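With this note's numbering applied, the sequence shown covers 8 to 554.
The next block holds one structure in the form of structure tokens; read it before the comments.
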Amino acid sequence: MLKLTDDILIYILSFLQPPSILFFRRTCKRLHQLSYQRIVWTNACTTHILSNAYPFPSDCHLPQLNLDLLEQYTLKSWYLASRWRRSAFTPPAPRVVGCLRKEITSISDVRFLPCLDRTLVVTISKSIWSGLTVWALEGDVVVKRCEWFPRGAIFTGFAVESGGVMAVSVWKEGEHIVHILSLDTETYTLNSIASLNTVFRPIALSGDVLALSDDISKSLLWDWQHSTYAILQSSPLSDDENQGGARNLFQYDRCIQVIFAYHSILVVSARSINLFPSPVFSTIPSSSSSSSDTPASLPAEEPDAYQVHVPLAHHSFGWVDGVAVSASAQGSHVEGQRRREQHGALSILLRPESDDPWYPTEKHKLEMYTLYPNLDFEPRSLDGSTTAFRSCTPPQAQAQLPYAFPPRLTYSIPTRHGVLRCTSLALGKCGTGVWIEPRMPRTMGGLVQDPRYLRGATKGDGKRERERVMCAVFPGPLYVSRLDVDGCEREELETGSVPMQIRGMELDLSGVIDDDGIGDWAAFEYDESRGRLVLASSYGRVLVLEV
8 MLKLTDDILI
18 YILSFLQPPS
28 ILFFRRTCKR
38 LHQLSYQRIV
48 WTNACTTHIL
58 SNAYPFPSDC
68 HLPQLNLDLL
78 EQYTLKSWYL
88 ASRWRRSAFT
98 PPAPRVVGCL
108 RKEITSISDV
118 RFLPCLDRTL
128 VVTISKSIWS
138 GLTVWALEGD
148 VVVKRCEWFP
158 RGAIFTGFAV
168 ESGGVMAVSV
178 WKEGEHIVHI
188 LSLDTETYTL
198 NSIASLNTVF
208 RPIALSGDVL
218 ALSDDISKSL
228 LWDWQHSTYA
238 ILQSSPLSDD
248 ENQGGARNLF
258 QYDRCIQVIF
268 AYHSILVVSA
278 RSINLFPSPV
288 FSTIPSSSSS
298 SSDTPASLPA
308 EEPDAYQVHV
318 PLAHHSFGWV
328 DGVAVSASAQ
338 GSHVEGQRRR
348 EQHGALSILL
358 RPESDDPWYP
368 TEKHKLEMYT
378 LYPNLDFEPR
388 SLDGSTTAFR
398 SCTPPQAQAQ
408 LPYAFPPRLT
418 YSIPTRHGVL
428 RCTSLALGKC
438 GTGVWIEPRM
448 PRTMGGLVQD
458 PRYLRGATKG
468 DGKRERERVM
478 CAVFPGPLYV
488 SRLDVDGCER
498 EELETGSVPM
508 QIRGMELDLS
518 GVIDDDGIGD
528 WAAFEYDESR
538 GRLVLASSYG
548 RVLVLEV
């Protein structure tokens with residue numbers, strides 16, 4: 008083997024799984040040197056990670072990674088995918104990598120701030136007024152790095168993006184301002200680099216475009232870098248969808264998520280989803296008296312003041328208690344069977360809402376719907392499109408949609424019903440999901456006669472049952488079925504009329520949290536690409552886990 012040229016040896020190494028490259032590194036000096044060639048790890052990442060659509064950070068562009076980070080992320084993605092693929096038989100064991108040990112002001116939101124060479128966490132706290140704090144993971148301790156507490160301000164919305172950019176909406180002294188904040192990761196200083204005077208609150212940040220919502224019917228796309236905007240007007244709910252037209256003021260159709268999809272924008276609300284074409288942006292008029300510190304303002308809301316984009320399609324799931332949408336990951340291994348697909352499907356994981364306390368426990372479940380790509384879609388068919396289509400659109404109208412409406416119910420997960428502070432769901436591109444499951448009420452034993460409804464309820468030992476952190480793997484690149492089914496049977500399961508039931512698994516936190524840390528989770532975020540989960544409790548504790 009030593010007589011082979013370097014090119015041939017590098018070619019041979021390209022067939023090895025990433026951990027095997029480390030084994031060959033220890034065999035001799037020549038292979039040790041070759042294993043540190045950038046081409047070796049570029050081949051390993053492309054062949055074994057990206058082509059299989061395994062979890063890999065979307066903000067990590069291979070040419071921009073140094074050799075150490077490239078090797079580190081390739082190996083981490085391989086081990087992460089291996090753990091998830093084994094979870095069909097054994098649930099993954101979480102590992103605490105960071106903990107904020109002292110209690111702080113009650114936390115209302117927590118997010119990861121994407122960064123290549125470190126783990127940063129952002130928390131939103133609310134007491135007399137709101138504040139934002141940036142924490143860094145150092146060893147196994149979460150350390151405060153900087154904070155932003157505008158005096159007398161109340162935060163109404165929050166969104167993050169890679170590169171240390173965040174969007175925060177602030178209500179202060181009778182004004183509602185959206186700030187774009189930039190974090191200098193070297194000095195840990197926060198600076199406001201753009202602002203907008205608007206009633207809309209931030210929902211999602213993608214590059215230079217911030218998606219906002221008024222939580223009624225309108226969404227705003229604001230390109231803060233180029234000072235342009237677009238307005239999206241969602242379809243009104245029908246009488247059947249809106250319970251005879253009587254809108255419950257406590258269950259308004261608030262915006263939960265905005266997805267920048269293939270040639271379209273998907274606005275996900277508590278009651279409906281609306282698919283819009285990629286909009287035409289208009290320039291925000293500048294005031295001659297404005298300065299760099301003065302927030303920009305949208306034109307007055309008058310007829311013909313700006314162009315309003317209407318949805319291509321609309322669908323309602325009824326009231327939902329939580330929803331998460333993700334674009335399905337696609338690797339080169341699926342090109343043969345889906346050669347015509349120009350884009351992946353959209354997966355919609357939701358928790359249907361039920362106000363009936365006597366609803367059978369075994370009936371409660373999470374549901375996953377799938378928006379499959381429309382194989383007949385041509386992007387130029389949306390040029391200049393101004394017509395709104397409903398979910399019952401005729402075939403000629405459906406051909407103009409990037410996705411096939413309505414969404415199809417494909418999977419379900421049994422879950423238990425109860426009261427939650429954190430109703431959020433998380434769904435990754437590779438098909439892994441995380442959510443919080445409520446504890447069973449302590450007094451249920453005196454109300455329910457049938458013992459079947461008390462499965463999982465607290466026993467009479469005086470202990471208070473905790474909320475459970477649950478996870479699941481849906482069919483995709485990380486899914487391994489317990490059944491040895493062939494491709495035809497698998498396709499029938501995925502596209503059949505009866506949803507396929509997926510098993511939910513509890514992430515065992517025993518030994519991770521003490522008796523006082525029994526849950527009461529107020530917020531969490533799941534980063535599938537890095538295998539990380541951050542939990543924030545209602546009394547201020549922050550826990551960073553590796554799955």
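Yeah, the Cβ is synthetic: ideal placement off N, Cα and C, and Gly gets one too.
Note that the structure is predicted; figures quoted are calculated from it, not measured.
Helix, strand or coil for Y379? Go by DSSP, reduced to three states.
Position 372 of the sequence shown holds residue 379. In the displayed model, Y379 falls within coil according to three-state DSSP, outside both helix and strand.
Going by C-alpha distance, which of P157, S279, S202 and S94 is nearest S293?
Working through the sequence shown from its first residue, we reach residue 293 at position 286. From the listed residues P157, S279, S202 and S94, the smallest Cα separation to S293 is found for S202.
Who pairs with A268 in a beta bridge, going by DSSP?
Counting from 1 along the sequence shown, the entry for residue 268 is found at position 261. Paired residue(s): S271.
Please report the residue range of the beta strand (DSSP E) in which N281 lies.
The residue you call residue 281 lines up with position 274 of the sequence shown. For N281, the enclosing beta strand (DSSP E) has its first and last residue at S279 to P284.
Measuring CB to CB, does Y486 end up less than 7 Å from G438?
Here residue 486 refers to the residue found at position 479 of the sequence shown. Here residue 438 refers to the residue found at position 431 of the sequence shown. Taking 7 Å as the Cβ cut-off, Y486 and G438 qualify as a contacting pair.
Suppose contacts are defined by Cβ-Cβ distances below 7 Å. Is L76 in contact with P25 by that definition?
The residue labelled residue 76 in the question sits at position 69 within the sequence shown. The residue labelled residue 25 in the question sits at position 18 within the sequence shown. Cβ atoms of L76 and P25: not closer than 7 Å.
How would you write the range of the beta strand (DSSP E) that Q240 sits in, first residue to last?
Residue numbering aside, residue 240 sits at position 233 when the sequence shown is read from its first letter. From DSSP, the beta strand (DSSP E) with Q240 extends over T235 to Q240.
For V287, count neighbouring Cβ atoms within 10 angstroms of its own Cβ and tell me buried if that reaches 16, exposed if not.
Residue numbering aside, residue 287 sits at position 280 when the sequence shown is read from its first letter. V287 comes out exposed.
Nearest CA to the CA of W442: which residue from E532, K179, I46 and E385?
In the sequence shown, residue 442 corresponds to position 435, counting from 1. For W442, the nearest C-alpha among the options comes from E532.
What separation, rounded to the nearest whole angstrom, lies between the Cα atoms of L542 and V103?
Indexing the sequence shown from 1 puts residue 542 at position 535. Indexing the sequence shown from 1 puts residue 103 at position 96. Their Cα atoms are separated by approximately 11 Å.
For F531: DSSP bridge partner residues
Start at 1 with the first residue of the sequence shown, and residue 531 comes out as number 524. F531 pairs with L542.
Determine the contact status of V177 and A166, defining contact as a CB-CB distance below 7 Å.
To locate residue 177, count along the sequence shown from 1; it is residue 170. To locate residue 166, count along the sequence shown from 1; it is residue 159. The answer is no: Cβ separation not under 7 Å.
Sorted by chain position, which residues of the same chain lie with C-beta nearer than 8 Å to W142's C-beta, five sequence neighbours on each side aside?
As a first step, residue 142 must be located in the sequence shown, where it is residue number 135. Contacts found: L107, L127, V128, V129, T130, V149, V150, K151, R152 and V549.
Residue closest to K225, alpha-carbon to alpha-carbon, out of N281, H186, S189 and G214
Counting from 1 along the sequence shown, the entry for residue 225 is found at position 218. Among N281, H186, S189 and G214, the Cα nearest to that of K225 belongs to N281.
Please check the pair L353 and V332, which I expect to be a contact at CB under 8 Å, by giving their CB distance rounded to whole angstroms.
As a working mapping, residue 353 is identified with position 346 in the sequence shown. As a working mapping, residue 332 is identified with position 325 in the sequence shown. That belief holds up - the Cβ atoms of L353 and V332 are roughly 6 Å apart, short of 8 Å.
Rounded straight-line distance, which links the Cα of L228 to that of V317
Numbered from its first residue, the sequence shown carries residue 317 at position 310. Numbered from its first residue, the sequence shown carries residue 228 at position 221. Whole-angstrom Cα-Cα distance: 14 Å.
Between which residues of its own chain and Q44 is the CB-CB distance below 7 Å, once the five residues before and five after are set aside?
The count along the sequence shown starts at 1 and reaches residue 44 at position 37. These residues qualify, in order along the chain: I17.
Alpha carbon to alpha carbon, how far is H340 from S199?
Here the question's residue 340 lines up with position 333 in the sequence shown. Here the question's residue 199 lines up with position 192 in the sequence shown. Note on H340: pLDDT 45, under 50, position unreliable in the model; the coordinate value appears next. Their backbone Cα atoms lie some 44 Å apart in a straight line.
C-alpha distance - A174 paired with A237, whole-angstrom precision
Numbered from its first residue, the sequence shown carries residue 174 at position 167. Numbered from its first residue, the sequence shown carries residue 237 at position 230. One C-alpha to the other measures close to 17 Å.
Beta-carbon proximity list for R261, same chain, < 7 Å, skipping 5 on both sides
By 1-based counting over the sequence shown, the position of residue 261 is 254. Excluding positions up to five away in sequence, the list reads D222, S276 and A277.
Nearest to G329 (by Cα), restricted to the options P302, L29, L357 and G538
Within the sequence shown, numbered from 1, the residue matching residue 329 stands at position 322. G329 has its Cα closest to that of L357, out of P302, L29, L357 and G538.
For my contact list, P101 and V426 are in at a C-beta cut-off of 8 Å; report their separation, rounded to the angstrom.
In the sequence shown, residue 101 corresponds to position 94, counting from 1. In the sequence shown, residue 426 corresponds to position 419, counting from 1. Not quite, the Cβ-Cβ distance comes to about 24 Å (not below 8 Å), so this is no contact.
At which residues does the beta strand (DSSP E) containing Y421 begin and terminate?
Here residue 421 refers to the residue found at position 414 when the sequence shown is read from its first residue. Tyr is not the amino acid found at residue 421; the sequence shown has Pro there. Run containing P421: R415 to P421, per the beta strand (DSSP E) assignment.
Contacting residues, own chain, Cβ-Cβ under 6 Å from D116 (five flanking each side not counted)
Taking the sequence shown and counting its residues from 1, one reaches residue 116 at position 109. The residues are I131, F165 and A530.
Ignore the nearest five residues each way along the sequence and tell me which others in S285's own chain have a CB closer than 8 Å to its CB.
Against the sequence shown, residue 285 aligns to sequence position 278. Result list for S285: H270, S271, I272 and L389, in chain order.
Which one or two residues does DSSP pair with W85 in a beta bridge?
Walking along the sequence shown from the start, residue 85 turns up at place 78. In the DSSP output, where bridge partners are listed per residue, W85 has none listed.
Could you pull out every unbroken alpha helix (DSSP H) segment of at least 4 residues lying fully inside the stretch 100-185, listed in chain order?
none
Cα-Cα separation between I15 and A334, rounded to whole angstroms:
Locating residue 15 in the sequence shown gives position 8, where the first residue counts as 1. Locating residue 334 in the sequence shown gives position 327, where the first residue counts as 1. Each residue's Cα considered, the two are about 38 Å apart.
Uninterrupted alpha helix (DSSP H) stretches inside the stretch 11-48 (no shorter than 4 residues):
13-20, 25-32 and 36-41
Straight-line Cα distance separating T290 from S304:
Locating residue 304 in the sequence shown gives position 297, where the first residue counts as 1. Locating residue 290 in the sequence shown gives position 283, where the first residue counts as 1. C-alpha separation (whole angstroms): 11 Å.
Around the C-beta of L11, are 16 or more other C-beta atoms found within 10 angstroms, so that it is buried, or is it exposed?
Counted from its first residue, the sequence shown places residue 11 at position 4. Exposed.
Among V206, L212 and S169, which has the Cα closest to the Cα of D191?
By 1-based counting over the sequence shown, the position of residue 191 is 184. Selected option, being the one with the closest Cα: S169.
Can you tell me which of the three DSSP states R387 falls into?
Walking along the sequence shown from the start, residue 387 turns up at place 380. R387: helix per DSSP, three-state reduction.
In this structure, how does DSSP classify H68 when only helix, strand and coil are distinguished?
If you number the sequence shown from 1, residue 68 lands on position 61. Three-state result, H68: coil.
Closest Cα partner of T140 within the set F162, G146 and D147:
If you number the sequence shown from 1, residue 140 lands on position 133. Nearest option by C-alpha distance: F162.
With distances taken between CB atoms, is the gap from L123 to W155 smaller than 7 Å?
On the sequence shown, residue 123 is found 116 positions in, with the first residue counted as 1. On the sequence shown, residue 155 is found 148 positions in, with the first residue counted as 1. Contact check for L123 against W155 fails: the beta carbons are separated by 7 Å or more.
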